[in-house]
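Peer 1:
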Amino acid sequence: MEITRRGFIKHSFLLGSSFLFSSSPVYSAVKKEVKWIPAYEKLEMDGKLAQRVKQAYAIFENCHLCPKKCGVNRQKGEKGFCKAPLKPVIFSYHPHFGEERALVGGKGSGTIFFSNCNLRCIFCQNWPISHEGRGKEIQDEDLADVMLKLQSMGCHNINLVTPTHVMPNILNATRMALKKGLHIPLVYNTSGYERLEIVKLLEGIVDLYLPDLKYMDSDKAAKYSAGASDYPEVAKKAILEMNRQVGVLQLDKEGIAIRGLMIRHLVMPNRVAGTEKFVKWVAEALPKNTYVNIMAQYRVEYKAYDYPEIARGITVQEFMEAMDWAEKYGLTNLDPQSVALKNFYHQRRSN
Ligand code: SF4
Numbered sequence: 007m008e009i010t011r012r013g014f015i016k017h018s019f020l021l022g023s024s025f026l027f028s029s030s031p032v033y034s035a036v037k038k039e040v041k042w043i044p045a046y047e048k049l050e051m052d053g054k055l056a057q058r059v060k061q062a063y064a065i066f067e068n069c070h071l072c073p074k075k076c077g078v079n080r081q082k083g084e085k086g087f088c089k090a091p092l093k094p095v096i097f098s099y100h101p102h103f104g105e106e107r108a109l110v111g112g113k114g115s116g117t118i119f120f121s122n123c124n125l126r127c128i129f130c131q132n133w134p135i136s137h138e139g140r141g142k143e144i145q146d147e148d149l150a151d152v153m154l155k156l157q158s159m160g161c162h163n164i165n166l167v168t169p170t171h172v173m174p175n176i177l178n179a180t181r182m183a184l185k186k187g188l189h190i191p192l193v194y195n196t197s198g199y200e201r202l203e204i205v206k207l208l209e210g211i212v213d214l215y216l217p218d219l220k221y222m223d224s225d226k227a228a229k230y231s232a233g234a235s236d237y238p239e240v241a242k243k244a245i246l247e248m249n250r251q252v253g254v255l256q257l258d259k260e261g262i263a264i265r266g267l268m269i270r271h272l273v274m275p276n277r278v279a280g281t282e283k284f285v286k287w288v289a290e291a292l293p294k295n296t297y298v299n300i301m302a303q304y305r306v307e308y309k310a311y312d313y314p315e316i317a318r319g320i321t322v323q324e325f326m327e328a329m330d331w332a333e334k335y336g337l338t339n340l341d342p343q344s345v346a347l348k349n350f351y352h353q354r355r356s357n
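Per the working numbering, the sequence shown runs over residues 7 to 357.
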């Protein structure tokens with residue numbers, strides 16, 4: 007049976023939705039049933055969290071929070087490449103039901119969308135937020151209250167979307183919220199464009215790392231992400247450090263993620279993302295049961311229309327070859343929605 011692109015997108019969505027509400031576990035992860043407390047709470051009990059906040063805030067004086075290393079004094083209101091001010095700007099926050107199933111559970115992932123970005127991909131789906139900085143500037147105290155509100159709504163975690171340029175504010179807010187009863191894990195939902203030294207500073211604070219690994223070739227990274235030719239190398243180093251800190255994904259007895267590394271990789275048209283190199287690297291550099299989400303939902307956004315190579319959605323064939331590579335290189339903990347989509351198209355093709 008022929009599969010059209012329109013049909014492919016439709017079935018991607020439907021399968022994703024059905025798995026969201028399914029109750030049977032479909033992928034492997036280490037199960038933990040011991041009483042769990044978040045990493046940042048342990049660090050506070052050790053008397054080290056306040057010092058970490060101070061260390062992080064000091065970086066604002068000569069900002070080198072990310073590989074751009076602008077050197078601007080954000081304490082004095084100077085702005086660098088990301089255009090972010092000293093205080094966090096947030097666009098929205100809410101329980102999110104479109105994230106990975108292990109983050110969403112029954113009550114949603116408590117997602118906070120930070121405005122501005124240090125990578126600024128030309129195909130960004132959130133471009134009004136990340137490129138144009140739309141949102142509201144708030145105080146760290148307000149950010150703490152947002153975290154507590156999401157927790158009170160039953161969210162399973164605090165999902166920090168594009169956190170890199172506001173990391174010190176997040177640490178400060180987390181400590182404030184902890185004092186008022188925050189007890190769910192932080193999800194560091196990053197583009198992967200992170201400095202190794204900065205990720206090291208997050209050790210013992212972040213329980214769940216959710217980095218992208220967008221490209222494996224520096225020329226693609228430079229072309230589509232504002233000249234960030236160093237992206238593949240810095241992102242790989244950052245991910246290795248994240249794995250060192252939190253290891254393979256752990257779930258609680260309800261199947262909700264409580265600690266570990268979850269990597270996202272968006273399949274792009276014309277093999278722009280270097281997907282075969284990506285799965286090969288994961289298989290060789292990380293445990294084979296590292297959680298990997300090979301994502302099929304690329305769509306043409308923002309300035310991607312101006313680049314013929316990426317000015318279309320991906321085909322079924324491009325998604326299927328990505329999943330086949332993951333199997334070929336022996337990855338064993340793939341996102342269940344991606345696996346379901348692959349199985350669906352296998353079945354359609356054999357009918
Ligand atoms: S966080 Fe922003 S100001 Fe700081 S180094 Fe990165 S791009 Fe520059």
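Every residue, glycine too, gets a C-beta built ideally from N, C-alpha and C.
1) Provide the residue span of the alpha helix (DSSP H) that contains A228, from first to last.
2) Flag this pair as touching only if the segment 339-351 and the segment 297-314 have three or more C-beta atom pairs under 8 Å; answer yes or no.
3) Between G112, M248, S121, which has its C-alpha nearest E260's C-alpha?
4) Between N165 and P293, what straight-line distance do the alpha-carbon atoms span, to the nearest angstrom?
5) Is any heavy atom of the ligand SF4 found at a distance shorter than 8 Å from the C-beta of H70?
6) Looking at C69: is its Cβ nearer than 9 Å to the Cβ of R58?
7) Can you grab the Cα-Cα spacing for the pair A64 / V78, in whole Å?
8) With F119 as the anchor, note down where its beta strand (DSSP E) starts and where it stops.
9) Determine, using beta carbons only, whether S158 comes closer than 9 Å to chain D.
10) Going by the CB atoms, is the gap between K242 and A291 shorter than 9 Å?
11) Please state the DSSP three-state secondary structure of T196.
12) Using 9 Å as the threshold, is the C-beta distance between W133 and E307 below it?
13) With DSSP as the reference, label L219 as helix, strand or coil.
14) Enumerated in chain order, which unbroken segments of the alpha helix (DSSP H) with a length of 4 residues or greater are wholly contained in the segment 306-331?
15) Assuming the contact rule is C-beta atoms closer than 8 Å, D146 and N175 should be a hit. Round their C-beta distance to whole Å, please.
16) What first and last residue would you give for the beta strand (DSSP E) that runs through R270?
17) Taking all protein chains shown into account, decide if H352 is buried (16 or more other Cβ within 10 angstroms of its Cβ) or exposed.
18) Starting from S136, trace the alpha helix (DSSP H) both ways and give me its first and last residue.
19) Considering only heavy atoms of the ligand SF4, does any lie closer than 8 Å to the CB of A90?
Peer 2: In brief:
1) Your numbering for residue 228 matches position 222 in the sequence shown. It spans 224-230 - the alpha helix (DSSP H) in which A228 sits, taken as one unbroken run.
2) yes
3) Taking the sequence shown and counting its residues from 1, one reaches residue 260 at position 254. The shortest Cα separation from E260 among G112, M248, S121 belongs to G112.
4) Numbered from 1 along the sequence shown, position 159 holds the residue referred to as residue 165. Numbered from 1 along the sequence shown, position 287 holds the residue referred to as residue 293. Their backbone Cα atoms lie some 24 Å apart in a straight line.
5) Taking the sequence shown and counting its residues from 1, one reaches residue 70 at position 64. Yes, the beta carbon of H70 sits closer than 8 Å to at least one heavy atom of the ligand SF4.
6) Stepping through the sequence shown from its first residue, residue 69 is reached at position 63. Stepping through the sequence shown from its first residue, residue 58 is reached at position 52. It is not a contact, given that the beta carbons lie outside the stated cut-off.
7) Numbered from 1 along the sequence shown, position 58 holds the residue referred to as residue 64. Numbered from 1 along the sequence shown, position 72 holds the residue referred to as residue 78. Roughly 12 Å between the two C-alpha positions.
8) For the purposes of this step, residue 119 is identified with residue 113 of the sequence shown, where counting begins at 1. It spans 115-120 - the beta strand (DSSP E) in which F119 sits, taken as one unbroken run.
9) Chain labels in this structure do not include chain D; a single protein chain is all it has.
10) By 1-based counting over the sequence shown, the position of residue 291 is 285. By 1-based counting over the sequence shown, the position of residue 242 is 236. Contact flag set, yes.
11) As a working mapping, residue 196 is identified with position 190 in the sequence shown. The answer is strand: DSSP assigns T196 an E or B state.
12) Walking along the sequence shown from the start, residue 133 turns up at place 127. Walking along the sequence shown from the start, residue 307 turns up at place 301. Cβ distance < 9 Å, so W133 and E307 count as in contact.
13) Here the question's residue 219 lines up with position 213 in the sequence shown. In the structure shown, L219 sits in coil (DSSP, three-state: anything other than H, G, I, E or B).
14) none
15) Sequence index remark: in the sequence shown, residue 146 carries index 140 (1-based). Sequence index remark: in the sequence shown, residue 175 carries index 169 (1-based). Yes, D146 and N175 are in contact; Cβ-Cβ is about 5 Å, under 8 Å.
16) Along the sequence shown, read from residue 1 onward, the residue named residue 270 stands at position 264. Start and end: 263-272.
17) Here residue 352 refers to the residue found at position 346 of the sequence shown. With fewer than 16 other Cβ atoms within 10 Å, it is exposed.
18) The residue labelled residue 136 in the question sits at position 130 within the sequence shown. Per DSSP, S136 belongs to the alpha helix (DSSP H) from 133-136.
19) As a first step, residue 90 is located in the sequence shown; it is residue number 84 there, counting from the start. Yes; taking the cut-off as 8 Å, the Cβ of A90 has a heavy atom of the ligand SF4 nearer than that.
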